[in-house]
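Right, one structure below, let's go through it.
There are 2 protein chains.
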Amino acid sequence: MIINVDRDRMVATMKQQAAIGGTDGGGLHRLAFSDADRMARDWFAEMADDAGMVVRVDAFGNMFARREGAVADTEPVLLGSHLDSQPYGGIYDGALGVVGALEFVRELNDRSIETRRPVEVVNWTNEEGSRYPPAMQGSGVWAGAHPIDDEYNKTDNEGLRLEDELERIGYRGSTPATPPESYHAYLELHPEQGPYLEKTGAEVGIVTGIVGLRWAEITLQGQANHSGTTPMEFRKDALVVASDVIAAVRRLSGTLGPRTVATVGSLTVEPNSVNIVPETVKLTTDVRDIDSAVLSKAVERVEAEVIAAAKRESVACDIEQTMSSPAIEFPNRTVEAVENATNGLGYKGHRMISGGGHDATHVASVCDVGMIFAVSEDGKSHTEDEYTSWEDCHRATNVLANAALELAEPAVE
Amino acid sequence: MIINVDRDRMVATMKQQAAIGGTDGGGLHRLAFSDADRMARDWFAEMADDAGMVVRVDAFGNMFARREGAVADTEPVLLGSHLDSQPYGGIYDGALGVVGALEFVRELNDRSIETRRPVEVVNWTNEEGSRYPPAMQGSGVWAGAHPIDDEYNKTDNEGLRLEDELERIGYRGSTPATPPESYHAYLELHPEQGPYLEKTGAEVGIVTGIVGLRWAEITLQGQANHSGTTPMEFRKDALVVASDVIAAVRRLSGTLGPRTVATVGSLTVEPNSVNIVPETVKLTTDVRDIDSAVLSKAVERVEAEVIAAAKRESVACDIEQTMSSPAIEFPNRTVEAVENATNGLGYKGHRMISGGGHDATHVASVCDVGMIFAVSEDGKSHTEDEYTSWEDCHRATNVLANAALELAEPAVE
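From first to last, the protein sequence lines stand for chains A and B. Last residue of the first sequence: 413 (the working numbering), numbering continuous. Last residue of the second sequence: 1413 (the working numbering), numbering continuous.
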């Protein structure tokens, strides 16, 4: 059995959500815990109710809409993503995964298909982390990565407590923010947020894992001096050290393996004047790989370069690890469900790794997870210009639906 | 005849000037055209008057205190520097050159020494350029490098016109801001503003020239992308290009010659976020050498590297030359006068190039110039921590005095 979701309804539903917190630039301003977030949640609850699902909200605001299965006491299949956005984000990021899951349930309803297992559609709280870090907060609390009180007590730039804001919008729910039972699997559909599918001509991304990530902040402390009167050999130039570090970071993917991505995204110079030798440079490194051993080696190489370059230029250095996230390889079962669906639909799929974190990162500690990527034009993400064609939205939603159906097991073939 | 200026009086005079606009941190806040500048000028006029000199002020506020020579119609010897300071500068920069020249005249008076040529002590207006760029403004106007009306019409951060401020402090003088006659020579005593003398154990710097300088601002335009989801081969990383440029700039002194100094002092990144590939980087280059041919070759190499590195990373680049100043080699006559004085006094002198610009840069287009450098502890300059020991101030002042005496020619041996 192959199902094909109603394209027109899917497009209409995407447009409905895009109108909530929509910006003049065609994007979304729907920060977690805002009034726009409340409206998107109300809308989701109404859509779920219309589709015959029962909605529960947990103590961190994560929303679960449940369609019962035909067989009692079977582990449910969980599907979804998030409805919050970046301050000026696009209309697909997060929403596509929630709408796609909703369309799957609607399609089951329309065709009167029962599944042996329950199906739950989830809207995770605050995936973006723009107002209250970290990103993937709601799924993180749910999966036990963050103690809920720590997150409740966070304040935004205006000093507003997260828990108060959650209560204010009426979504501090009554059930515990923990998995109420075992889950059979979790599938998340998401725009790729990168250019790989488009550049390679693939139609759907079959995600096999999420890269591990290490962030560091490096401080280089040299000495400010006149750029004209200080001979080169007497300098302690922090920016020269930084340039060696940037070059070493750039070189990782060419020396350790093709899947390593490594970036110096932020760099500031003090005093930052044309005729003063740079005294202090702070820069960040972001290294990602699906292979934990390669990731560790990459981080070691960067640290070795920082120390060696700093020594060459008589500059002091300090390296602080600011974030670490383990690599996650998805199990065959979920990857194959996605691949079977892609092949069954006749789409050109491509097995690939997710370079960014997603709610699936945390859910992976609760049950088997899988992900489907939709094409992102030019890889643009976290911008109002984010774009996935309706055709690509439809294809990826169909893959989600058929993979979900396989995992939820049709009660009657 | 060797003269030795009165050390106690020199120290007392340095302390007098340091009290005008002195900061709690032991430095100076004596911006050009400020009330503190007016007080320093009034003080200088009084000191010059006390020493029997006649003061004239030109239309740009440059102050010339003249001691007549024994022989009519001889070209005067000009000595001096500037009394304005950086916002939080030290007490030696500029002031030492004016006080040193004043002490020379006082010593001539005390010992009733007549010189064949007139001696003029000059206080140049706004050498620092902190409030109204450019640096070396008064000497530049005087020497014809800048049309006076262009400079008059400049406004500071509060919108105040330079000419109005000059009138306000009462120093828009009556004589034209041009050389009224030919000059025999100009000598300027200045702290080194670099560590060379201290590091090499020399006591006095015998300056043989001022480096040429080229400044550029380079803009690198890449593309912002997610640091996790964008494969390395699809990136347009402006900061990677910048790192290659910094390395190339660092390498100039090791490939073109030991006297080239080259600096990337300022660099800014947009959007400057740990997990976004840098889109736009602006950086400055500052290249200096005493040899114009080497300087040109250095600039060519930097430009070639910008273009090559930008091409490698698919980043657009733009190079704007923002400042250019020719190298100046001092004539033997003035250099030898300084060297003779140093040797005659038994000091350990060192022939060296000035890596920074000075009023002498502009005066060099009017007459032969020479410079004397005093030791700068740790090379610190443009900071309240600037320090030259009184012993070093005294030595350098003695060199100025004896070189000036040789050039002004004692009327009676």
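The beta carbon of each residue, even a glycine, is placed where N, CA and C say it ideally should be.
> At which residues does the beta strand (DSSP E) containing Ser273 of chain A begin and terminate?
Replying inline: Premise fails: Ser273 of chain A is in no beta strand (DSSP E) and is neither H nor E.
>> the ligand FMN and Asn340 of chain A: does the residue's C-beta get closer than 8 Å to at least one heavy atom of that ligand?
In response: No copy of the ligand FMN appears in this structure; indeed no ligand is present at all.
> Taking Asn1398 of chain B as the reference, which of B:Ile1169, B:Glu1120, B:Leu1108 has the closest Cα?
Replying inline: Nearest neighbour of Asn1398 of chain B by Cα position, chosen from B:Ile1169, B:Glu1120, B:Leu1108, turns out to be B:Leu1108.
> From what residue to what residue does the beta strand (DSSP E) around Cys1317 of chain B run?
Replying inline: Its beta strand (DSSP E) spans residues 1316-1325.
>> With H, G and I counted as helix, E and B as strand and the rest as coil, what does DSSP make of Ser81 of chain A?
In response: Strand, per DSSP.
> Does the Cβ of Met1 of chain A have 16 or more other Cβ atoms within 10 Å, making it buried, or fewer, making it exposed?
Replying inline: Note on Met1 of chain A: under 16 other CB atoms within 10 angstroms of its CB, so exposed under the neighbour-count rule.
> Among B:Gly1090, B:Val1204, B:Pro1326, which has the Cα closest to the Cα of Glu1384 of chain B?
Replying inline: From the listed residues B:Gly1090, B:Val1204, B:Pro1326, the smallest Cα separation to Glu1384 of chain B is found for B:Gly1090.
>> If you reduce the DSSP assignment to three classes, tell me which class His1190 of chain B lands in.
In response: In the three-state reduction of the DSSP assignment, His1190 of chain B falls in the strand class.
>> Is Gln193 of chain A close to chain B? Criterion is C-beta to C-beta, closer than 9 Å.
In response: Answer yes: the Cβ-Cβ gap between Gln193 of chain A and chain B drops below 9 Å somewhere.
>> For Asn1157 of chain B, count the other beta carbons within 10 Å of its own beta carbon; 16 or more makes it buried, fewer makes it exposed. Which is it?
In response: When all chains shown are included, Asn1157 of chain B counts as exposed.
>> Closer than 8 Å is the cut-off here; do at least three beta carbon pairs connect the segment 216-231 of chain A with the segment 278-285 of chain A?
In response: With a cut-off of 8 Å, the segment 278-285 of chain A and the segment 216-231 of chain A count as touching, because enough Cβ pairs lie within range.
>> With H, G and I counted as helix, E and B as strand and the rest as coil, what does DSSP make of Arg1172 of chain B?
In response: Arg1172 of chain B falls in the coil class under three-state DSSP.
> What are the boundary residues of the alpha helix (DSSP H) that Glu1303 of chain B is part of?
Replying inline: Start and end: 1292-1312.
>> Cutting at 8 Å between CB atoms, please list the residues of its own chain near Pro1176 of chain B, excluding the five before and the five after it.
In response: For Pro1176 of chain B, where only same-chain residues beyond five positions count, the Cβ hits under 8 Å are Asp1058, Ala1059.
> Would you say His1226 of chain B reaches chain A, if we count a Cβ-Cβ gap shorter than 9 Å as a contact?
Replying inline: Closer than 9 Å: yes.
> Taking C-alpha atoms, which residue in A:Thr334, A:Ala238, A:Ile3 lies nearest to Arg111 of chain A?
Replying inline: Of the listed residues, the one whose Cα sits closest to Arg111 of chain A is A:Ile3.
> Of the choices A:Asp84, A:Glu75, A:Asp8, A:Gly69, whose alpha-carbon is the least far from that of Trp43 of chain A?
Replying inline: Per the C-alpha coordinates, the member of A:Asp84, A:Glu75, A:Asp8, A:Gly69 positioned closest to Trp43 of chain A is A:Asp84.
>> Output needed in chain order: residues of the segment 255-280 of chain A with a Cβ under 9 Å from some Cβ in chain B.
In response: Against chain B - using a Cβ distance shorter than 9 Å - the residues of the segment 255-280 of chain A are Pro258, Arg259, Thr260, Val261, Ala262, Thr263, Val264, Gly265, Ser266, Leu267, Thr268, Val269, Pro271, Asn272, Ser273, Val274, Asn275, Ile276, Val277, Pro278.
> Taking 9 Å as the CB-CB limit, is Met53 of chain A close to chain B?
Replying inline: It does not; no Cβ of chain B falls within 9 Å.
> Leu1286 of chain B touches chain A at which residues, Cβ-Cβ below 7 Å?
Replying inline: For the record, residue 1286 of chain B in the displayed sequence is Asp; it is not Leu. Correct list: Ser227, Val274, Asn275.
>> I need the boundaries of the beta strand (DSSP E) containing Val204 of chain A, first residue and last residue.
In response: That run of the beta strand (DSSP E) goes 204-210.
> Considering only residues of the segment 1209-1273 of chain B, which uninterrupted alpha helix (DSSP H) runs meet the minimum length of 4 residues and lie entirely inside it, listed in chain order?
Replying inline: For the segment 1209-1273 of chain B, whole alpha helix (DSSP H) runs of length 4 or above, ordered along the chain, are 1238-1255.
> Any idea what DSSP makes of Asn340 of chain A, helix, strand or coil?
Replying inline: Residue state, collapsed to three classes: helix.
> Is Glu1075 of chain B helix, strand or coil when you go by DSSP?
Replying inline: Taken through DSSP and simplified to helix, strand or coil, Glu1075 of chain B comes out as coil.
> With 16 as the cutoff for other CB atoms within 10 Å, does Pro1271 of chain B come out buried or exposed?
Replying inline: Pro1271 of chain B is exposed by the Cβ-count criterion.
> Taking Cβ-Cβ distances shorter than 7 Å, what residues in chain B pair up with Ile246 of chain A?
Replying inline: Neighbours of Ile246 of chain A on chain B, chain order: Leu1239, Val1240, Ser1243.
>> So if I threshold CB-CB distances at 8 Å, which residues from the segment 173-205 of chain A count as touching chain B?
In response: Look at the segment 173-205 of chain A: the residues with a C-beta under 8 Å from a C-beta of chain B are Glu192, Gln193, Gly194, Pro195, Tyr196, Lys199.
> Counting only beta-carbon atoms, is Met232 of chain A nearer than 9 Å to chain B?
Replying inline: Taking Cβ atoms only, chain B reaches closer than 9 Å to Met232 of chain A, which makes this a yes.
> Do you know how far the Cα of Ser243 of chain A is from the Cα of Arg1251 of chain B?
Replying inline: Using only the alpha carbons, I get a separation of about 12 Å.
> Does the beta-carbon distance from Ala360 of chain A to Tyr183 of chain A come in below 9 Å?
Replying inline: Their beta carbons are not under 9 Å apart, which means Ala360 of chain A does not touch Tyr183 of chain A by this criterion.
> If you count every other CB in all the chains shown that lies within 10 Å of the CB of Trp390 of chain A, and 16 or more means buried, which is it?
Replying inline: By the 10 Å Cβ count, Trp390 of chain A comes out exposed.
> So which residues on chain A does Ser1381 of chain B lean against when the C-beta distance must stay under 9 Å?
Replying inline: Going along chain A in sequence order, the residues near Ser1381 of chain B (Cβ under 9 Å) are Asn225, His226, Thr229.
> List, in order along the chain, the chain B residues whose C-beta lies closer than 9 Å to that of Ser253 of chain A?
Replying inline: By Cβ distance, chain B contributes Pro1231, Met1232, Glu1233.
> If you draw a straight line from the C-alpha of Glu409 of chain A to the C-alpha of Pro179 of chain A, how long is it?
Replying inline: Whole-angstrom Cα-Cα distance: 21 Å.
> What number of angstroms, rounded off, separates the C-alpha of Met1010 of chain B from the C-alpha of Thr322 of chain A?
Replying inline: Taking the straight line joining both Cα atoms gives about 56 Å.
> What number of angstroms, rounded off, separates the C-alpha of Val1098 of chain B from the C-alpha of Ser1081 of chain B?
Replying inline: So the alpha carbons of these two residues sit roughly 5 Å apart.
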